[in-house]
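Trainee:
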Amino acid sequence: MRKSTKTLIALIGTAVVALGVVVNYTGADEVKAWTGPDGEYYARSNEYYERLHGLVEDNIETIVDQTVEVTDQTPEAVNPTPEAADQTAEVVNPTPEAVQPDSQPSPEEVQQERITAQAAADRQALIDEGSKLEHYSVVNSDGMAEISKLMGMYLVNDIKGISYNPAGGYDASLYCVAYETNASKSPAAIAAATEVANSVNAIVGPSVNFQYEKYQGGQLVKSSKAAEGTMKMGLNPSFAGEGDKVGVVAVYPGGATKIFDDTDNDPSTVTVDIPATDSSLVMYTLIKYN
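In structure tokens, the structure reads:
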């Protein structure tokens with residue numbers, strides 16, 4: 016497995032257990048309508064995420080530069096001497112002793128090929144899981160679905176989809192990696208969120224890390240530009256529902272926290288306004304008031 020793949024998987028942590036888990040989702044063909052700019056948002060669900068796959072492929076795995084060295088041909092190479100011609104003839108028509116049987120890969124090489132193939136399969140599975148429609152969209156209780164305007168890879172399961180609307184609207188250069196976390200993966204951040212929740216007589220629910228990035232100079236770089244906007248998350252009925260008051264706690268690097276109130280009246284979702292931040296990495300934790 017290449018270093019960049021290891022880095023991504025280390026970043027996402029054991030959230031990859033979500034691979035292969037299909038969220039209970041009504042599906043694009045069953046919702047009443049898709050919302051978005053001019054009412055046509057999204058025929059994008061296919062076209063847009065084809066580009067997503069390309070971006071992820073380009074940036075998860077380090078592109079190996081294959082350098083072809085071009086050298087000037089010497090006069091001897093163009094017009095070989097008799098001695099060089101004889102050597103060339105020997106190469107073209109080798110003696111029986113020079114003919115060697117095709118070499119077979121060693122056990123170590125075979126094992127490495129298997130490891131490389133498995134790493135590629137795991138990487139593709141991660142990409143496929145993170146770009147499933149049910150992860151980057153939220154279905155409201157009335158059947159209306161909202162698709163995220165922030166391109167990215169969304170690895171969520173306990174949170175029933177995320178729809179993110181950057182303050183400036185859809186921007187093809189903005190990107191995110193969102194992945195669920197918990198106390199075993201992010202103990203300090205979860206402890207900070209729990210302390211804030213306790214202070215307002217609330218309990219914590221699922222948490223998701225957001226790594227904000229932008230596409231610049233042919234690659235993804237960390238950037239907080241995409242953070243400001245509105246985020247909607249689907250609620251798991253086992254956590255909250257009709258009559259429950261919910262909100263979101265944001266935990267920033269260094270331990271700073273903020274509470275965001277739910278701005279919608281839908282018992283199946285929580286919608287919060289996210290302010291601009293200097294941090295490209297933020298953890299968001301759902302809370303439910305007692």
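Numbering-wise (this note's numbering), the sequence shown opens with residue 16 and increments by one.
Ideal placement from N, C-alpha and C gives every residue a C-beta, glycine not left out.
In this text, all values refer to a predicted model and were calculated from it rather than measured experimentally.
Please state the DSSP three-state secondary structure of residue 125.
Mentor: Indexing the sequence shown from 1 puts residue 125 at position 110. Note: residue 125 maps to helix in three-state DSSP.
Trainee: With burial defined as no fewer than 16 other Cβ atoms inside 10 Å of the residue's Cβ, what is the status of residue 297: buried or exposed?
Mentor: Counting from 1 along the sequence shown, the entry for residue 297 is found at position 282. Residue 297 is buried by the Cβ-count criterion.
Trainee: Can you give me the Cβ contacts of residue 150 inside the same chain, cut-off strictly under 8 Å, excluding the 5 residues immediately before and after it?
Mentor: In the sequence shown, residue 150 corresponds to position 135, counting from 1. Here the set comprises 38, 144, 169, 170, 171, 176, 177.
Trainee: Determine contact between the segment 280-298 and the segment 228-243, defined as no fewer than three beta-carbon pairs at a distance below 8 Å.
Mentor: They touch, by the three-pair rule.
Trainee: As a quick exercise: from 282, 209, 162, 236, pick the residue whose alpha carbon is nearest that of residue 272.
Mentor: To locate residue 272, count along the sequence shown from 1; it is residue 257. Out of 282, 209, 162, 236, 209 has the C-alpha closest to the C-alpha of residue 272.
Trainee: Per DSSP, which one or two residues make a beta bridge with residue 181?
Mentor: Mapped onto the sequence shown, residue 181 falls at position 166. Paired residue(s): 244.
Trainee: Using a Cβ-based criterion (distance less than 7 Å to any ligand heavy atom), does residue 199 qualify as near the ligand COA?
Mentor: The model depicted lacks the ligand COA and carries no ligand whatsoever.
Trainee: Would you mind sorting residue 196 into buried or exposed? The rule is 16 or more other CB atoms within 10 Å of its CB.
Mentor: Indexing the sequence shown from 1 puts residue 196 at position 181. Its Cβ being crowded by 16 or more others within 10 Å, residue 196 is buried.
Trainee: Is the number of C-beta pairs between the segment 268-283 and the segment 222-232 that are closer than 8 Å three or more?
Mentor: They do not touch, by the three-pair rule.
Trainee: Tell me the rounded alpha-carbon separation between residue 193 and residue 127.
Mentor: Here residue 193 corresponds to residue number 178 of the sequence shown, with the count starting at 1. Here residue 127 corresponds to residue number 112 of the sequence shown, with the count starting at 1. Cα to Cα, the separation comes out at about 31 Å.
Trainee: Which term fits residue 124, buried or exposed, when burial requires 16 or more other beta carbons within 10 angstroms of its beta carbon?
Mentor: Position 109 of the sequence shown, counting from 1, holds the residue named residue 124. Exposed is the call here.
Trainee: Kindly provide the ranges of any beta strand (DSSP E) runs that are 3 or more residues long and lie completely inside the segment 148-202, ordered along the chain.
Mentor: Those beta strand (DSSP E) runs which fall completely within the segment 148-202 and span 3+ residues are 152-154, 159-162, 167-170, 177-181, 189-196.
Trainee: Tell me which residue opens and which closes the beta strand (DSSP E) that residue 227 is part of.
Mentor: As a position in the sequence shown, residue 227 is number 212, starting the count at 1. Residue 227 -> beta strand (DSSP E) spans 217-231.
Trainee: Residue 165 to residue 183, Cα distance in whole Å?
Mentor: As a working mapping, residue 165 is identified with position 150 in the sequence shown. As a working mapping, residue 183 is identified with position 168 in the sequence shown. So the two alpha carbons sit approximately 11 Å from each other.
Trainee: Measuring only between beta-carbons, confirm whether residue 274 sits less than 8 Å from chain B.
Mentor: Looking for chain B here will not work: only one protein chain is present.
Trainee: If you drop the 5 nearest sequence neighbours on each side, which residues of the same chain put their C-beta closer than 6 Å to that of residue 256?
Mentor: On the sequence shown, position 241 is the one that residue 256 refers to. Once the five neighbours on either side are set aside, the close Cβ partners of residue 256 are 282.
Trainee: Under the three-state reduction of DSSP, which class applies to residue 250: helix, strand or coil?
Mentor: Indexing the sequence shown from 1 puts residue 250 at position 235. If DSSP states are grouped into helix, strand and coil, residue 250 belongs with coil.
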